[in-house]
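Residue numbers (numbering that gives the first Met the number 0), protein chains in the order written: chain R, 0 to 309; chain X, 0 to 309; chain V, 0 to 259; chain G, 0 to 259.
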Amino acid sequence: MELATEVAGITFKNPVLTASGTFGYGREAAELYDLSLLGGVMVKGVSREPWSGNPPIRIARAPGGMLNAIGLQNPGLEHFLTVDLPFLRDYDTKVIVNVVDHDEEGFLAVVRGVDGQRGVAAIELNISCPNVADGLLFSQDPDRAAGLVAKVRQATRLPLIVKISPNVTDPVGLGRACAQAGADALSAINTVLGMAIDVERRRPVIANRTGGLSGPAVKPVGLRIVYDLARALDIPVIGMGGIESGRDALEYLMAGARAVAVGTAVFRDPLAPPRIIGELERELEAAGFASVGEAWAAANPDARRRTQDA
Amino acid sequence: MELATEVAGITFKNPVLTASGTFGYGREAAELYDLSLLGGVMVKGVSREPWSGNPPIRIARAPGGMLNAIGLQNPGLEHFLTVDLPFLRDYDTKVIVNVVDHDEEGFLAVVRGVDGQRGVAAIELNISCPNVADGLLFSQDPDRAAGLVAKVRQATRLPLIVKISPNVTDPVGLGRACAQAGADALSAINTVLGMAIDVERRRPVIANRTGGLSGPAVKPVGLRIVYDLARALDIPVIGMGGIESGRDALEYLMAGARAVAVGTAVFRDPLAPPRIIGELERELEAAGFASVGEAWAAANPDARRRTQDA
Amino acid sequence: MRPQDVRVVERLQPAPDCVELVLEFPQDEEPEPGQFYMLSAGDGRDTYLPRPLSFFRTFSPRRMSFLFRVVGPGTAALGRLRPRDRLQAMGPLGHGFPLPERPLRAALVGGGVGVPPLWSLGRALRQRGCEVIALIGARTRFGLLGQAELQGLGIEVRTATDDGSRGHHGPVTDLLGETGADAVVACGPEPMLRAVQAFAERTRLQDTYLALEAAMACGYGVCLGCAVERKSPDPELGAYGTYARVCREGPVFRWDEVKL
Amino acid sequence: MRPQDVRVVERLQPAPDCVELVLEFPQDEEPEPGQFYMLSAGDGRDTYLPRPLSFFRTFSPRRMSFLFRVVGPGTAALGRLRPRDRLQAMGPLGHGFPLPERPLRAALVGGGVGVPPLWSLGRALRQRGCEVIALIGARTRFGLLGQAELQGLGIEVRTATDDGSRGHHGPVTDLLGETGADAVVACGPEPMLRAVQAFAERTRLQDTYLALEAAMACGYGVCLGCAVERKSPDPELGAYGTYARVCREGPVFRWDEVKL
Ligand SMILES: Cc1cc2nc3c(=O)[nH]c(=O)nc-3n(C[C@H](O)[C@H](O)[C@H](O)COP(=O)(O)OP(=O)(O)OC[C@H]3O[C@@H](n4cnc5c(N)ncnc54)[C@H](O)[C@@H]3O)c2cc1C
Ligand SMILES: Cc1cc2nc3c(=O)[nH]c(=O)nc-3n(C[C@H](O)[C@H](O)[C@H](O)COP(=O)(O)OP(=O)(O)OC[C@H]3O[C@@H](n4cnc5c(N)ncnc54)[C@H](O)[C@@H]3O)c2cc1C
Ligand SMILES: Cc1cc2nc3c(=O)[nH]c(=O)nc-3n(C[C@H](O)[C@H](O)[C@H](O)COP(=O)(O)O)c2cc1C
Ligand SMILES: Cc1cc2nc3c(=O)[nH]c(=O)nc-3n(C[C@H](O)[C@H](O)[C@H](O)COP(=O)(O)O)c2cc1C
Ligand code: FES
Ligand code: FES
Numbered sequence: 000m001e002l003a004t005e006v007a008g009i010t011f012k013n014p015v016l017t018a019s020g021t022f023g024y025g026r027e028a029a030e031l032y033d034l035s036l037l038g039g040v041m042v043k044g045v046s047r048e049p050w051s052g053n054p055p056i057r058i059a060r061a062p063g064g065m066l067n068a069i070g071l072q073n074p075g076l077e078h079f080l081t082v083d084l085p086f087l088r089d090y091d092t093k094v095i096v097n098v099v100d101h102d103e104e105g106f107l108a109v110v111r112g113v114d115g116q117r118g119v120a121a122i123e124l125n126i127s128c129p130n131v132a133d134g135l136l137f138s139q140d141p142d143r144a145a146g147l148v149a150k151v152r153q154a155t156r157l158p159l160i161v162k163i164s165p166n167v168t169d170p171v172g173l174g175r176a177c178a179q180a181g182a183d184a185l186s187a188i189n190t191v192l193g194m195a196i197d198v199e200r201r202r203p204v205i206a207n208r209t210g211g212l213s214g215p216a217v218k219p220v221g222l223r224i225v226y227d228l229a230r231a232l233d234i235p236v237i238g239m240g241g242i243e244s245g246r247d248a249l250e251y252l253m254a255g256a257r258a259v260a261v262g263t264a265v266f267r268d269p270l271a272p273p274r275i276i277g278e279l280e281r282e283l284e285a286a287g288f289a290s291v292g293e294a295w296a297a298a299n300p301d302a303r304r305r306t307q308d309a
Numbered sequence: 000m001e002l003a004t005e006v007a008g009i010t011f012k013n014p015v016l017t018a019s020g021t022f023g024y025g026r027e028a029a030e031l032y033d034l035s036l037l038g039g040v041m042v043k044g045v046s047r048e049p050w051s052g053n054p055p056i057r058i059a060r061a062p063g064g065m066l067n068a069i070g071l072q073n074p075g076l077e078h079f080l081t082v083d084l085p086f087l088r089d090y091d092t093k094v095i096v097n098v099v100d101h102d103e104e105g106f107l108a109v110v111r112g113v114d115g116q117r118g119v120a121a122i123e124l125n126i127s128c129p130n131v132a133d134g135l136l137f138s139q140d141p142d143r144a145a146g147l148v149a150k151v152r153q154a155t156r157l158p159l160i161v162k163i164s165p166n167v168t169d170p171v172g173l174g175r176a177c178a179q180a181g182a183d184a185l186s187a188i189n190t191v192l193g194m195a196i197d198v199e200r201r202r203p204v205i206a207n208r209t210g211g212l213s214g215p216a217v218k219p220v221g222l223r224i225v226y227d228l229a230r231a232l233d234i235p236v237i238g239m240g241g242i243e244s245g246r247d248a249l250e251y252l253m254a255g256a257r258a259v260a261v262g263t264a265v266f267r268d269p270l271a272p273p274r275i276i277g278e279l280e281r282e283l284e285a286a287g288f289a290s291v292g293e294a295w296a297a298a299n300p301d302a303r304r305r306t307q308d309a
Numbered sequence: 000m001r002p003q004d005v006r007v008v009e010r011l012q013p014a015p016d017c018v019e020l021v022l023e024f025p026q027d028e029e030p031e032p033g034q035f036y037m038l039s040a041g042d043g044r045d046t047y048l049p050r051p052l053s054f055f056r057t058f059s060p061r062r063m064s065f066l067f068r069v070v071g072p073g074t075a076a077l078g079r080l081r082p083r084d085r086l087q088a089m090g091p092l093g094h095g096f097p098l099p100e101r102p103l104r105a106a107l108v109g110g111g112v113g114v115p116p117l118w119s120l121g122r123a124l125r126q127r128g129c130e131v132i133a134l135i136g137a138r139t140r141f142g143l144l145g146q147a148e149l150q151g152l153g154i155e156v157r158t159a160t161d162d163g164s165r166g167h168h169g170p171v172t173d174l175l176g177e178t179g180a181d182a183v184v185a186c187g188p189e190p191m192l193r194a195v196q197a198f199a200e201r202t203r204l205q206d207t208y209l210a211l212e213a214a215m216a217c218g219y220g221v222c223l224g225c226a227v228e229r230k231s232p233d234p235e236l237g238a239y240g241t242y243a244r245v246c247r248e249g250p251v252f253r254w255d256e257v258k259l
Numbered sequence: 000m001r002p003q004d005v006r007v008v009e010r011l012q013p014a015p016d017c018v019e020l021v022l023e024f025p026q027d028e029e030p031e032p033g034q035f036y037m038l039s040a041g042d043g044r045d046t047y048l049p050r051p052l053s054f055f056r057t058f059s060p061r062r063m064s065f066l067f068r069v070v071g072p073g074t075a076a077l078g079r080l081r082p083r084d085r086l087q088a089m090g091p092l093g094h095g096f097p098l099p100e101r102p103l104r105a106a107l108v109g110g111g112v113g114v115p116p117l118w119s120l121g122r123a124l125r126q127r128g129c130e131v132i133a134l135i136g137a138r139t140r141f142g143l144l145g146q147a148e149l150q151g152l153g154i155e156v157r158t159a160t161d162d163g164s165r166g167h168h169g170p171v172t173d174l175l176g177e178t179g180a181d182a183v184v185a186c187g188p189e190p191m192l193r194a195v196q197a198f199a200e201r202t203r204l205q206d207t208y209l210a211l212e213a214a215m216a217c218g219y220g221v222c223l224g225c226a227v228e229r230k231s232p233d234p235e236l237g238a239y240g241t242y243a244r245v246c247r248e249g250p251v252f253r254w255d256e257v258k259l
């Protein structure tokens, strides 16, 4: 079974990545298994300066998933470059740096800092975090998003992935604007804005009030957006949202994702990413596919037609 | 326990309604229990002419819920007025007519037809159905929504409820535009756009490709939107999305809903609406509330402050 | 039709991927042949909706069984149930088979797990003095279900398999011609039902009935999820008449009522 | 720390709303007092995430118990488990209590279901020749947990209840002053921990440790959900140092490390 897949010029040994923010910088999972098994690692969002994140409570249960409002607590660019990246460099896997900040200047500073560093395979621009005050700023307006992407495009030669928010009227329009501004790939989806109410304390469970919904509950939303993006746009999509089995991963590939990422599932099963790689191999075979490329967009004829792969 | 609640000048004996499209016109549920138990009934969408709905498959399972793309199959205005409304009139409950059509003319024709009919308590404008080609037309642009609402406002004296889509960047902006154009209340949420992939058939499960996600999976999304609407706007909100217990109903009331509607839960438990009324009474008491009014927005201090009820 | 809390009393496994659950109902049940129940099992990841299943055998007024193939999360959850487990059942639902006024010669055609509704129908027909012959088809001989149970009612059973491992080598509908039946009743996968429909069209055998399946959310008529296209819609209803509800107007339709 | 498949061997109900589950692990486990496990039970409506629970008693290298109060869907699902049921357990996780070099006099303060980590700690302290006294508090006498189990270790137990129905009438922390302890270890609801913190501040009893709780998603450090504010953050870390992870840097903190 050929598991390798290419996204934005990067060849992943298999299409299973870990999603940003549910894997830290890999240190904890490395206590459990060899990170070199993974197709890739999307690290927790990195900002120019260290960020404290939101006050607790940051987590709430939800039907078929969870809500979080971590608020992008992270040690900042310098710590990432001196401590976290060197740790990940030792593994034979593709490291994608999730970049976040409050404004263009911040984004650009992180991108410039990461550019040219050994062991960085690509940048993922997180313009879709619902849990910081200005997190959705760039997502809500395709022009602003495109403006940021264009500037970042000039600041680096690294492959550029833009993470798409599901909390917008027109994710395809947003993706198109990013593609035209120079994005090499898209990732979708970030979390879905939600809330939980604590009846006893008479307030939202989460201190930040709203949080981002993730886990199986959002899988249909992720599949829909990946399908629509793959159908309408020429750049590849990394799919995520509720993947917890090889079957889920296959559904995303068939919807039009070139690779997938596993997020919330690692909380329930820390071994989910390597398990899913094995399951995916069996699911591909059972479904009659000889490679990840064959499964790609198999349920999305418009996408296949457009790329003339079909 | 005082269960009565007022929305847009209508007094509901209790805050539990049935949601549109999961209850038909009441005939089937009436075989199981007395519809007079219900606070209200929101009927299946009614269009000017009869509609066929979408071809099958219309339904797919989803984690913590389901997807549907019924496509608003309905017998049309005349049948509703001559067959369905007379049936519902015999019950002591408030009948809210969910109105849908392709364009302003259609909407207005249904509204005019319903206006002045005995036994109609209010109109709910369904501008948020994701399962018909132009279903989200009016939701995607607050100005268009406001234009429609203003015209409908002139065509009827019935209380006017507008149903809000979760598939937009800014549900509050949409709600505000509708309020300013004359809506008396809002209902939220309609279903969340999603998709399921059928691995064996190599295509989306649903013939219409995408469908609307409903059930517990969307409860956090519904709570978030109801909270935000109640916080920002002066008109009342009827909350829905994933309610299947008295506890869920109470969470919606505390988030800022004046009443709630039960949808998908009736597929799993046809007796859910009357059961939830009983459960809600006990939950209110356990949480220390003496009435639905006291529970209203108890977790949403901004909403209470604004209305000076607090 | 009512929702009720039922108990598993026995679990059989007639084929590797098939389960027969015997359930005990709190009250006497009198479903008609062809009716079905919505069964809920757990609120696991993909089992929020209940699943429609035809009842198979009735053992006493409060005991009946359901026979199903495990094909996905719903049937898997039901298949994991063990004696003494409880679950919700809503029913009986839908319209069953019309029973004949006078004795006749009936052929029952069952494909795969299409056999459950035929057992109770076969019994009712036998009680009315009908001659009944059952044609059972499957991919391989391991998939042939309900043979012994039908024979126990005094019904002659003929079999067909796609791979020829038992009985006729080919579709079970090939056997229809030889039965000389005055009435045909079929339940099974769509291609089989289409073949039966074509047979009725060719032979003009009006008394041909099909028990359909469809993806269902509610099972009792409120969701409009279970649409099947009508062959000759009521013009009074306009476009609304395009589709019938399998759960309410069906699941049993006369061959010329629906487009498959 | 590793995920594993464990089996329920016994289920006890020490109080109406409390359950003690004895679990059998596939391999020898050697958790330190104060460490915890993430337990998953089912994928029902609100139990997608596993729940953190301190281990309570250890019976053999592969058998230990968990004692918890049923407060929501996660603990309810765990409470429904019966002998022979299986579940996932991930652990042992976090940093436990530091054990003293030399024998000393320790007071263990447990509020409500805060008692589990104190049992194994009490045993370890006794094995090291410490004098141990346990102060157990609850709302009413029915909520007093673990008394017999602690006494079984040769530990003197004093009790306090909010309603005065047993022992001291008032918060259990009122009893701290009389113990003359060199070290205090506390686990329980936040107001109780705050009172212990205040006691340590007042008496300058540096060897005061608190076992914290927090809403957790992962339990092993990757989600950053379990934030607790640090009292004196490492200036090197900048704003990133504002919060510590209860699951990784904790759940046990010295009294002066965290803001409650
Ligand atoms: C009136 C009636 C009577 C019936 N009687 C019987 C009976 O007696 N015995 C019996 O064995 N069966 C019977 N069935 C069929 C039975 O209801 C289905 O097999 C069952 O509902 C399947 O549920 P599942 O969760 O196990 O499988 P699902 O996976 O839900 O369904 C199986 C197929 O549906 C598709 N599918 C649906 N939703 C999704 C999704 N979200 N993602 C991916 N694929 C999806 C796929 O093609 C899949 O292979 C009956 C059906 C009806 C309508
Ligand atoms: C390290 C550690 C060790 C622990 N050890 C023990 C132990 O030994 N014994 C023990 O009994 N407990 C222990 N706990 C606490 C235990 O983990 C919680 O009681 C448990 O997680 C609650 O889960 P639940 O689903 O039953 O209740 P939940 O309902 O999830 O949580 C209870 C409370 O959380 C709030 N809440 C969270 N999410 C929501 C939501 N979405 N909607 C509404 N309200 C919400 C509410 O205030 C609710 O009353 C420990 C916790 C930690 C961190
Ligand atoms: C606790 C948590 C933290 C997250 N942090 C980030 C982040 O730092 N950057 C980012 O782009 N996405 C972040 N996400 C979003 C995930 O990467 C992913 O897009 C989303 O959770 C959907 O996938 P899932 O359902 O598999 O978790 C976070 C998600 C969770 C649950
Ligand atoms: C099968 C189905 C049909 C629906 N039809 C309509 C409709 O005709 N008009 C409408 O406004 N909403 C319709 N809805 C949306 C529901 O009224 C409700 O807003 C939504 O399902 C969320 O609530 P729930 O999670 O309780 O189902 C439909 C929902 C379902 C599941
Ligand atoms: S299944 Fe709901 S109408 Fe038939
Ligand atoms: S619970 Fe995830 S980091 Fe602590």
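Cβ coordinates follow ideal geometry from the N, Cα and C atoms, glycine included. Quantities reported herein were computed from a predicted structural model and do not represent experimental measurements.
Neighbour-count burial assignment, ARG223/X, 16 or more Cβ in a 10 Å radius: buried
The alpha helix (DSSP H) enclosing MET253/X, as first and last residue numbers: 245 to 254
Under 9 angstroms between C-beta atoms of PRO115/V and PHE65/V: yes
Per-residue contacts from ILE196/R into chain X (C-beta, under 7 angstroms): LEU222, GLU250, MET253, ALA254 and ALA298
Rounded distance between the beta-carbons of GLY211/X and PRO300/X, thought under 8 angstroms: Rounded, the Cβ-Cβ distance is 32 angstroms, inconsistent with contact.
Test: MET89/G CB closer than 9 angstroms to a CB of chain R: yes
Cβ-based burial, LEU38/G [other Cβ within 10 Å; buried from 16]: buried
Segment limits, beta strand (DSSP E) that includes ARG50/V: 50 to 53
Residues near PRO273/R by beta carbon distance below 7 angstroms, same chain, minus five either side: TYR32 and LEU36
Beta carbon of TYR219/V nearer than 9 angstroms to that of CYS186/V: no
Cβ of GLY105/R within 9 angstroms of any chain X Cβ: no
Anticipated Cβ contact below 8 angstroms, PRO215/X with GLY241/X, distance rounded: 4 angstroms
Counterpart residues of MET37/V in DSSP-defined beta bridges: PRO51/V and MET89/V
ALA260/X beta carbon near ligand 1 (any heavy atom closer than 8 angstroms): no
Under 7 angstroms from the C-beta of THR209/R: neighbouring residues of chain X: ARG223
Alpha carbon of ALA75/V to alpha carbon of ASP84/V, nearest angstrom: 15 angstroms
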